[in-house]
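These notes are about the structure you will find just below.
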Amino acid sequence: DTAVSQTPKYLVTQMGNDKSIKCEQNLGHDTMYWYKQDSKKFLKIMFSYNNKELIINETVPNRFSPKSPDKAHLNLHINSLELGDSAVYFCASSQTDTSGNTIYFGEGSWLTVV
Amino acid sequence: QKEVEQNSGPLSVPEGAIASLNCTYSDRGSQSFFWYRQYSGKSPELIMFIYSNGDKEDGRFTAQLNKASQYVSLLIRDSQPSDSATYLCAVNTGGSYIPTFGRGTSLIVHP
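Take a look at the structure:
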């Protein structure tokens, strides 16, 4: 039973389109994240949601918007896709009151903008 | 700006050798330190974490933390070809629960 699941796994789309990536966690964690991993493998935080409240938003273009209907789901919506948005997007979750705040990642969504 | 630095590699070691992966961080307030492993085309997975100065062992893996020198390392004993992956160091500072990741070190274990 997958702990953090995200869909779709692969997405190829044209510039200018709008797309969404869905994420669900069944670990009962209170915090969810979206990370972007570029072609150089750098893993960068995009958003963090804690108890349905946006806690941090790094310098991400406002074309990206996280939506959390409940604490088990954190979806990522992207408007007006650009070539530079091509990357792997990882959803993740953690329980912040446990020691260390270990991050559990989903399998990733490979986005290619053409 | 909080930074976590790793040598991108690749680090190449023969099978059976000890692989040593290093990570330095800039924020002296950092409190929690993690090592993740990422196979090509897969997501990162936690290997181990460490909070206190010194060594922490888990099977073939040993994490070493030196807060005074602001570095954390991961030793892999008896390296196997299956250990070939990218190893990501992550650091939590005292002011944030969100870890900052390094760029990762690529490890290649050759038979």
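Protein chains in written order, with the numbering used here: chain V, 1 to 114; chain D, 1001 to 1111. Every residue, glycine too, gets a C-beta built ideally from N, C-alpha and C. Keep in mind that this is a model prediction, so the values were computed, not measured.
Validate contact between the segment 1066 to 1083 of chain D and the segment 17 to 24 of chain V using beta carbons, cut 8 Å, 3 pairs:
no
Give the DSSP bridge partners of V/Asn-75, in chain order.
Translated into positions along the first sequence, residue 75 of chain V becomes position 75. V/Lys-67, per the DSSP bridge assignment.
What are the partner residues of V/Glu-24, as DSSP defines its beta bridges?
As a working note, residue 24 of chain V is residue 24 in the first sequence. V/Glu-24 pairs with V/Ser-5 and V/His-73.
With distances taken between CB atoms, is the gap from D/Phe-1033 to D/Val-1091 smaller than 8 Å?
Residue numbering aside, residue 1033 of chain D sits at position 33 when the second sequence is read from its first letter. Residue numbering aside, residue 1091 of chain D sits at position 91 when the second sequence is read from its first letter. It is a contact, given that the beta carbons lie within the stated cut-off.
Measuring only the C-alpha atoms, how far is D/Phe-1061 from D/Ser-1043?
To locate residue 1061 of chain D, count along the second sequence from 1; it is residue 61. To locate residue 1043 of chain D, count along the second sequence from 1; it is residue 43. Going from the Cα of D/Phe-1061 to the Cα of D/Ser-1043 covers about 20 Å.
Tell me the DSSP secondary structure of D/Ser-1069 in three-state form.
Locating residue 1069 of chain D in the second sequence gives position 69, where the first residue counts as 1. Of the three classes helix, strand and coil, the one that applies to D/Ser-1069 here is coil, per DSSP.
Against V/Ile-103, what residues of chain D qualify as contacts under a CB-to-CB distance less than 7 Å, listed in chain order?
As a working note, residue 103 of chain V is residue 103 in the first sequence. In chain order: Pro-1099.
Does D/Asn-1053 get closer than 8 Å to chain V when you measure Cβ to Cβ?
The count along the second sequence starts at 1 and reaches residue 1053 of chain D at position 53. So, not an interface residue.
On the CB-based measure, 16 or more other CB atoms within 10 Å of its CB, does D/Arg-1037 come out buried or exposed?
Counted from its first residue, the second sequence places residue 1037 of chain D at position 37. Buried: at least 16 other Cβ atoms inside 10 Å.
Going straight from the alpha carbon of V/Asp-38 to that of V/Phe-105, what length do you get?
Translated into the one-based positions of the first sequence, residue 38 of chain V becomes position 38. Translated into the one-based positions of the first sequence, residue 105 of chain V becomes position 105. Distance between the alpha carbons of V/Asp-38 and V/Phe-105: 16 Å.
Any beta-carbon of chain V closer than 8 Å to the one on D/Leu-1088?
Counting from one through the second sequence, the residue named residue 1088 of chain D turns up at place 88. Cβ-Cβ to chain V under 8 Å: yes for D/Leu-1088.
Give me whichever residues DSSP pairs with D/Ala-1085 in a beta bridge.
Taking the second sequence and counting its residues from 1, one reaches residue 1085 of chain D at position 85. In the DSSP assignment, D/Ala-1085 forms a beta bridge with D/Leu-1107.
In the structure shown, what three-state DSSP assignment does V/Gly-106 receive?
Here residue 106 of chain V refers to the residue found at position 106 of the first sequence. In this structure, V/Gly-106 counts as coil in the three-state DSSP scheme.
In the DSSP output, which residue or residues are listed as bridge partners for V/Ser-94?
Residue numbering aside, residue 94 of chain V sits at position 94 when the first sequence is read from its first letter. DSSP output for V/Ser-94 lists V/Thr-31 as bridge partner(s).
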